[in-house]
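Worksheet: the structure to be examined is printed underneath.
Residue numbers (the UniProt record's numbering): 1 to 137.
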């Protein structure tokens, strides 16, 4: 009896496999270009993801080390470093004056000195150069 059950099970398994194969071969004929395009797209997506992970530089550690040597060589004071950090946060001269408890004219003087020491003309240039020199985050 077990032999018969095993034979029927094998026959059913072969028949199911044959039906699946026929359905697969029919689907391949009907949807061949769609399948090839999808496989090609998956290949390019995976290639792009792989290349992106390999070619994109990893971000440095989250610990920021201020470049004290650059600060000394530029002659920046502690107040000018504060002004530079506030510039990077996008505050106006009045907002910086309120935050530091000084007059807006004093802020303008500090900003002008920072521009002079960094050899720039605009806020954006000062922020970019300060980030490049690792003076601010």
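For every residue, glycine included, the Cβ atom is placed at its ideal position computed from N, Cα and C.
In angstroms, rounded to a whole number, what distance separates the CA positions of residue i and residue j?
i: residue 128; j: residue 51; result: 29 angstroms
i: residue 126; j: residue 33; result: 56 angstroms
i: residue 101; j: residue 55; result: 47 angstroms
i: residue 47; j: residue 2; result: 52 angstroms
i: residue 6; j: residue 22; result: 24 angstroms
i: residue 90; j: residue 42; result: 43 angstroms
i: residue 53; j: residue 132; result: 24 angstroms
i: residue 18; j: residue 39; result: 25 angstroms
i: residue 31; j: residue 16; result: 22 angstroms
i: residue 14; j: residue 20; result: 10 angstroms
i: residue 92; j: residue 77; result: 20 angstroms
i: residue 94; j: residue 88; result: 15 angstroms
i: residue 11; j: residue 24; result: 20 angstroms
i: residue 26; j: residue 4; result: 33 angstroms
i: residue 139; j: residue 59; result: This structure cannot settle anything about residue 139, because the visible part of the chain is limited to 1 through 137.
i: residue 73; j: residue 49; result: 43 angstroms
i: residue 57; j: residue 68; result: 25 angstroms
Would you call the CB atoms of residue i and residue j closer than 8 angstroms?
i: residue 66; j: residue 130; result: no
i: residue 83; j: residue 107; result: yes
i: residue 44; j: residue 137; result: no
Within its chain, find whatever has a CB closer than 7 angstroms to the CB of residue i; leave out the 5 residues flanking it on each side and keep chain order.
i: residue 86; result: 96 and 99
Among the residues of its own chain, which have a CB less than 8 angstroms from the CB of residue i, if the five just before and after it don't count?
i: residue 80; result: 110, 113, 114 and 117
i: residue 103; result: 97
i: residue 75; result: 117
i: residue 70; result: 133, 134 and 135
Taking residue i and residue j to be in contact with their CB atoms under 8 angstroms, please state how far apart those CB atoms are, rounded to whole angstroms.
i: residue 28; j: residue 35; result: 7 angstroms
For residue i, I'd like the list of residues in its chain whose CB is within less than 6 angstroms of its CB, leaving aside the five on either flank, ordered along the chain.
i: residue 123; result: 87
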